[in-house]
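If you're matching them up, the sequences are chains F and G in order.
Every letter in the first sequence is one number past the one before it in this note's numbering, and letter 244, counting from 1, is 244.
Numbers given in this note's numbering equal positions in the second sequence, counted from 1, plus 322.
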Amino acid sequence: MGRAHPRLHKVFDSAKSATSLRMLLRDPIRFVWRYVLGWKQPDEADEPLTVDALAFGNLVHGVLRSAVEKLEDTKGFAAAGAAELEAAVKHALGEIAAEWEGEQPIPPAVIWHSTLERVSEMSLAALRHPLDPMPGQKSWTEIPFGALREVKRTNLPWDVARPVEIPGSGIAIQGQIDRLDLAGDGKRARVIDYKTGRLNKDMADVVIKGGSELQRCLYAFAVKTLIGQRVKVDASLLYPCAEEGEQALYPLHEVDEVLARLADALRIARESMTAGIAVPGEDADQYNDFAFALPASPSYLDRKREPAREQLGAAADIWDEA
Amino acid sequence: MKRRLPDAPARATALTAIDRSLLVEAGAGSGKTALMAGRVAVLFANGIEPMHVAAVTFTEFAASELLQRIARYVDALASGEVPDQIALAFPQGLSAAQQANMQRARKAIDQLTCTTIHGFAQKLIKPYPAEANIDPGAEIIDPGEADIAFDEHYQTWLRAHLVGKDHDGVVAELVVADERRGLKLLGELAQFLRRNRDAKPEGQCWSRALVERFIAAANAFANGLDGLHFREQQTDAKCEAFIELVEALDELSPTASPSNRALVDALTLPRHETLFTQNRKRRALQTSGKWHQAAAAAGRSKSDGQQAHDRAKVHYESAHDALEALFSAIGAELLARLAAAMNELMRDWRDYKRSAALLDFDDLLYTARDLLVSHDQIRRALARRFRHVLVDEFQDTDPLQIEILWLLCGEPCEPSITNRLGRELRPGALFLVGDPKQAIYRFRGADVTAYIFARTAIGESGLLNITANFRSVDPSCRL
Chain F
1 MGRAHPRLHK VFDSAKSATS LRMLLRDPIR FVWRYVLGWK QPDEADEPLT
51 VDALAFGNLV HGVLRSAVEK LEDTKGFAAA GAAELEAAVK HALGEIAAEW
101 EGEQPIPPAV IWHSTLERVS EMSLAALRHP LDPMPGQKSW TEIPFGALRE
151 VKRTNLPWDV ARPVEIPGSG IAIQGQIDRL DLAGDGKRAR VIDYKTGRLN
201 KDMADVVIKG GSELQRCLYA FAVKTLIGQR VKVDASLLYP CAEEGEQALY
251 PLHEVDEVLA RLADALRIAR ESMTAGIAVP GEDADQYNDF AFALPASPSY
301 LDRKREPARE QLGAAADIWD EA
Chain G
323 MKRRLPDAPA RATALTAIDR SLLVEAGAGS GKTALMAGRV AVLFANGIEP
373 MHVAAVTFTE FAASELLQRI ARYVDALASG EVPDQIALAF PQGLSAAQQA
423 NMQRARKAID QLTCTTIHGF AQKLIKPYPA EANIDPGAEI IDPGEADIAF
473 DEHYQTWLRA HLVGKDHDGV VAELVVADER RGLKLLGELA QFLRRNRDAK
523 PEGQCWSRAL VERFIAAANA FANGLDGLHF REQQTDAKCE AFIELVEALD
573 ELSPTASPSN RALVDALTLP RHETLFTQNR KRRALQTSGK WHQAAAAAGR
623 SKSDGQQAHD RAKVHYESAH DALEALFSAI GAELLARLAA AMNELMRDWR
673 DYKRSAALLD FDDLLYTARD LLVSHDQIRR ALARRFRHVL VDEFQDTDPL
723 QIEILWLLCG EPCEPSITNR LGRELRPGAL FLVGDPKQAI YRFRGADVTA
773 YIFARTAIGE SGLLNITANF RSVDPSCRL
């Protein structure tokens, strides 16, 4: 892609998701293919044998949203007891499952039912995870922000169309916050990002994990921007599947300081990309749908790792951050 | 190559001893292709017609290379020239009769069989479709296409076993217990059964007595500890964990034929960390120091402590032994049930290939083997046709391929011997070239025991070593 190609500017006109920013930071060439040129992996039309990790996550998020909304409609999620949670999840699961079954091919019955069972367990574990209720707490799940499209939801704590721009980078963000708890006085907020995948042992040391763990930081910033700078935000990842005795909640400390570093990194990455430098990055060999577009030599990425890093210069520094 | 190589005698034998079956062990770069091509040329020079010779290589590419080399040698020899690489075979040049043979061979060179083992098997079965029970117009399916077609059949079979809601099918139970690992195991087993048609699971694996033996061992452990005058905490905890397992395995004990679910549940029981290491190996009982302390605390002597420890250790190990035997029987039983469930898949797959008139690479080999085994007349006819078989890269040959070669190139010593490999090779019928070192690094369905078997069967006298390496001879090393 040529230096300062109009498309390289245009891509930043619209708000970016955490996933796309991660790609911008960690695999610039894939960012170009995916977001600048708009290439997409075609959907698998076949009947799936299993529910993949992404779809599983979507199922859990769907159940959580529906369950919490239902509870908020009655006595409130924070006040709900164990039996009410269970009933809400069961009801939500029925709804979501029916919706999926109606809209898309599902795996064979045995796998589908055992998947739904795991979805139910994980959703319950997520909702049951003990978090101190804040006075007058109100909870939301799966709430969008920074969205350009119209969103048909009521009772949201903010205007979903309001832009959220990372200071100094010229990049606006958008996304969906898995769960937001807001204290009655609006002075404290809690942002939770549910992780349905496997829990890594070194998770406690993770801050932004070389630019791949951006949700906590970006969503905390979004909440501050939208609720007001005075609100104190705790942003955490929650692994509902953590074993008993294992740490399940991973808060991000020093949000402001991390955000400043991230804003810097995003600015540098954007400048580097606009200057026409788009090479395979640290994530080039991670679940890469676009691997087919790279030269087919098996040693290609290994050979290019060093020269690519050299080309990226400061734009690659974030890969070394904890 | 005027310079004399240190292994010249071995090379000369490999080239010229056409009345002996040989196994030549030769490393990379030692001129194996020249050796094979040279031996073929010597066969021709001695009046053996190209149609009676088969050279088998590992790849199609190697076959075409070998064929080119043979053609070059034959051309040269037919006009009276001896190529340098095979000078050892014709120290005195060619006699007039040899040259005349060479000229005849040149005209009939297209009757030479030079192909892969699969191509060779196809050549064996093609004239006998009725006896081989194949469609006369059957086509060979490309391995990649075969994989795709098999996968389709596998998926259909798998889905059929996963449609019920809560039945006790072994496939469904396995997948529900652990989706990722269960599906992986099923896929691997299907591929294994597809490739190894002769594989049969062990007959009776499950026995109630194994559960009873484990329960007895665990109880004996507990009773043994109860009978002591002092206790040791760690040993108690281990014993406790065994007793928990006894309770968890409760469902298995009363039944002679446990349900699939009970078996899967038993196999996926969490392995308690006091009994097992992280990679599910038996944890050693290292508590003798602790027992000494426990004895001292109870006012007993150190030797009392040691004695108690020794007795606990015996119980501990025997409980583990019983548990190990039980788990391995459960695993074997499940495997047998899965393999039985897959019979249907394998039958579908065979029927499909049959109705579509397709043969995959494995069909070629199994069909050839079965044809040779069950039709002795045909076997003899084929042996008369292919009198000299030369095989390159023999270290990569699997037991089935070796069986085919032995059936073709050997005669039964005694009718009573049922072992198909217990055959006497006809003199000069088989010429094998292999690099045993490569067999250790690369297992491509081949196994080293097959190679070692062949080596033993050929015998010490038929074994030649070619060691000189042309890729590192003096001139190139001096560079």
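Cβ atoms here follow ideal geometry from the backbone N, Cα and C, with glycine treated the same way.
Given the structure is predicted, the values throughout are model-derived calculations rather than measurements.
Query - Where the alpha helix (DSSP H) through G/GLY756 begins and ends - result: Segment 752-756 is the beta strand (DSSP E) holding G/GLY756; no alpha helix (DSSP H) there.
Report task. Have a look at F/LYS232 and F/GLY186 and give me their C-alpha separation to the nearest angstrom. Result -> 9 Å
Requested in this report: From the DSSP output, in three-state form, read off F/THR141 for me.
Outcome: strand
Query - Where the alpha helix (DSSP H) containing G/GLY653 begins and where it ends - result: 624-677
Query raised in the report: Between the C-alpha atoms of F/ILE208 and G/GLU595, what's the straight-line distance to the nearest angstrom?
Result: 34 Å
Query raised in the report: Would you report the Cα separation of F/ALA15 and F/ALA291, rounded to the nearest angstrom?
Result: 26 Å
Query raised in the report: Is there at least one Cβ from chain F nearer than 9 Å to G/ARG764's Cβ?
Result: Because G/ARG764 sits at a pLDDT of 48, beneath the cut-off of 50, its placement in the model cannot be relied upon, and the point is left open.
Query raised in the report: With C-beta atoms as the reference, is G/PRO523 less than 9 Å away from G/ALA654?
Result: yes
**Report entry** Under 9 Å by beta carbon: chain G residues contacting F/VAL60
**Finding:** Within chain G, no residue comes near F/VAL60; the closest Cβ sits about 16 Å away, beyond 9 Å.
Query raised in the report: From G/ARG302 to F/CYS217, what distance separates their C-alpha atoms?
Result: The question about residue 302 of chain G has no answer here: the residues shown for chain G are numbered 323 through 801.
Query - Contacts that F/ILE111 makes with chain G (C-beta to C-beta distance below 7 Å) - result: LEU484, VAL497, GLU501
Query - Helix, strand or coil at F/TYR287 [DSSP, three-state] - result: coil
Query - Beta-carbon proximity check, G/ALA393 vs G/ALA690, cutoff 9 Å - result: no
Report task. Verify the CB distance criterion: does G/GLN477 have a CB-CB separation below 9 Å to chain F? Result -> yes
**Report entry** Counted within 10 angstroms of its Cβ, other Cβ atoms place G/GLN433 as buried (16 or more) or exposed
**Finding:** exposed
Query - Interface residues of the region 581-594 of chain G facing chain F [CB-CB below 9 Å] - result: none
Requested in this report: Sort G/LEU680, G/PHE708, G/HIS551, G/GLU639 by Cα distance to G/ARG622 and report the nearest one.
Outcome: G/HIS551
Query raised in the report: For G/ARG814, which residues in chain F fall below 7 Å Cβ to Cβ?
Result: Residue coverage of chain G in this structure runs from 323 to 801, which leaves residue 814 of chain G outside it and unanswerable.
Query raised in the report: Should G/TRP613 be labelled buried (16 or more other beta-carbon atoms within 10 Å of its own) or exposed?
Result: buried
Query raised in the report: Going by DSSP, which residues form a beta bridge with F/ILE192?
Result: F/ARG179, F/SER236
Requested in this report: Report the rounded CA-to-CA distance for G/ILE423 versus G/GLY415, giving the unit in angstroms.
Outcome: Contrary to the premise, residue 423 of chain G reads as Asn rather than Ile in this sequence. Between G/ASN423 and G/GLY415, the C-alpha separation is close to 14 Å.
Query raised in the report: What residues of chain G sit near F/LEU49, judged by a beta carbon separation below 9 Å?
Result: GLN477, LEU480, ARG481, LEU484, LEU505
Query raised in the report: Taking any Cβ of chain G, which residues in the region 113-136 of chain F have a Cβ under 7 Å from it, in chain order?
Result: HIS113, SER114
**Report entry** Through-space distance from G/ASP341 to G/GLU782, alpha-carbon basis
**Finding:** 16 Å
Report task. Look up G/TYR450 in the DSSP assignment and say whether it is helix, strand or coil. Result -> coil
Requested in this report: Starting from the beta carbon of G/ALA494, find every residue of chain A whose beta carbon is closer than 7 Å, and list them in chain order.
Outcome: Of the chains in the structure shown, none is chain A; the protein chains are F and G.
Query raised in the report: What are the partner residues of G/PRO734, as DSSP defines its beta bridges?
Result: G/ARG745
Query raised in the report: Whose C-beta lies closer than 8 Å to the C-beta of G/ALA400 among residues of the same chain, with five residues either side of it excluded?
Result: GLN421, MET424, GLN425, ALA427, ARG428
Query raised in the report: When the Cα atoms are used, what is the spatial distance from F/GLU321 to F/ASN58?
Result: 29 Å
**Report entry** Counted within 10 angstroms of its Cβ, other Cβ atoms place F/PRO107 as buried (16 or more) or exposed
**Finding:** buried
Report task. Report the residue ranges of all beta strand (DSSP E) runs contained in full by the region 343-376 of chain G; include only those spanning at least 3 residues, in chain order. Result -> 344-348
Report task. Could you please give me the residues that DSSP links to G/CYS561 through a beta bridge? Result -> According to DSSP, G/CYS561 bridges with nothing at all.
Query - Helix, strand or coil at G/PHE598 [DSSP, three-state] - result: strand
Query raised in the report: Alpha carbon to alpha carbon, what distance is there between F/LEU54 and F/GLU86?
Result: 24 Å
Query raised in the report: Quick one, are the C-beta atoms of G/VAL492 and G/ALA663 less than 9 Å apart?
Result: yes
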